[in-house]
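> Please read through the structure below; I'll follow up with questions.
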Amino acid sequence: MQEEDIFIRESRGKTVCHVRINESVVRDESNLIHIDLGSCVSVLLCGIDAGRKVWLGANHLFKSRIENSDMALEQVADLYNRMIENGVTQVRCLGLFGAGYREKSLAREVAQLNVRTVLEALSLYNLTVELFQTGYAQAIRVLKSDLMGSFLIRHQRLGERDSRVIEIPLEQLFPND
Numbered sequence: 269m270q271e272e273d274i275f276i277r278e279s280r281g282k283t284v285c286h287v288r289i290n291e292s293v294v295r296d297e298s299n300l301i302h303i304d305l306g307s308c309v310s311v312l313l314c315g316i317d318a319g320r321k322v323w324l325g326a327n328h329l330f331k332s333r334i335e336n337s338d339m340a341l342e343q344v345a346d347l348y349n350r351m352i353e354n355g356v357t358q359v360r361c362l363g364l365f366g367a368g369y370r371e372k373s374l375a376r377e378v379a380q381l382n383v384r385t386v387l388e389a390l391s392l393y394n395l396t397v398e399l400f401q402t403g404y405a406q407a408i409r410v411l412k413s414d415l416m417g418s419f420l421i422r423h424q425r426l427g428e429r430d431s432r433v434i435e436i437p438l439e440q441l442f443p444n445d
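Position in the sequence shown (first residue = 1) + 268 = our numbering.
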């Protein structure tokens with residue numbers, strides 16, 4: 269069975285959580301996270317608690333800096349802290365997605381700044397990015413696959429029909445000690 273078929277099959281049993289602009293969510297493995305990105309940026313954290321339950325945290329950041337406030341740091345800190353509050357003992361950055369910017373786009377500078385400031389915020393938590401996808405508008409759907417023991421990330425460029433599924437094994441991020 270191909271990853272796309274597995275993704276579709278397993279997504280039927282999940283509750284879909286849409287992450288809206290300037291929103292952050294933390295959900296357990298019974299959920300599928302859905303994000304539509306234009307000129308925004310999104311961080312996807314994952315974690316595991318003492319009982320080996322998987323958690324996902326995602327944000328949808330429109331503008332990383334508002335006046336003198338670092339919104340990227342605020343949202344990454346909020347996501348990280350909410351993961352810890354849910355009993356997560358190990359936190360990883362599953363992905364950084366974002367920035368629908370083209371060479372002549374008016375949003376280009378803001379989109380690039382969003383990515384840079386989010387990377388700076390992640391570095392403060394010593395989080396490395398497993399999957400880095402930027403440069404165009406995209407739809408991201410993420411779930412924990414019980415069948416494959418992996419995270420499955422369905423990635424689709426907005427306006428196109430084709431999508432691809434990227435697999436990141438749980439064991440790669442959270443080895444059994």
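Using N, Cα and C, we set each Cβ at its ideal position, and we do this for glycine too.
On the three-pair Cβ rule with 8 Å, is the region 336–352 touching the region 288–303?
Taking a contact to require three or more Cβ pairs closer than 8 Å, the region 336–352 and the region 288–303 qualify as touching.
> Could you please give the first and the last residue of the uninterrupted alpha helix (DSSP H) stretch that includes Ile274?
Ile274 -> alpha helix (DSSP H) spans 271–279.
> Assign Ala318 to one of two classes, buried (16 or more other C-beta atoms within 10 Å of its C-beta) or exposed (fewer than that).
By the 10 Å Cβ count, Ala318 comes out exposed.
> Suppose only complete runs of 3+ residues qualify. What are the beta strand (DSSP E) ranges in the region 288–330, listed by chain order?
291–296, 299–305, 309–317, 322–328
> Would DSSP call Leu415 helix, strand or coil?
It is coil, neither helix nor strand.
> Would you kindly work out how many angstroms separate the C-alpha atoms of Val356 and Lys372, rounded to a whole number?
42 Å
> Have a look at Ile421 and Ala389 and give me their C-alpha separation to the nearest angstrom.
Between Ile421 and Ala389, the C-alpha separation is close to 23 Å.
> Assuming Gly366 contacts Leu312 under a Cβ cut-off of 8 Å, what Cβ separation, rounded to an integer in Å, is found between them?
Incorrect: roughly 11 Å between the Cβ atoms, too far for contact.
> On the criterion of 16 or more Cβ atoms from any shown chain inside 10 Å, does His286 qualify as buried, or is it exposed?
exposed
> Roughly how many whole angstroms lie between the Cα atoms of Leu387 and Gln270?
Answer to the nearest angstrom: the Cα atoms are 32 Å apart.
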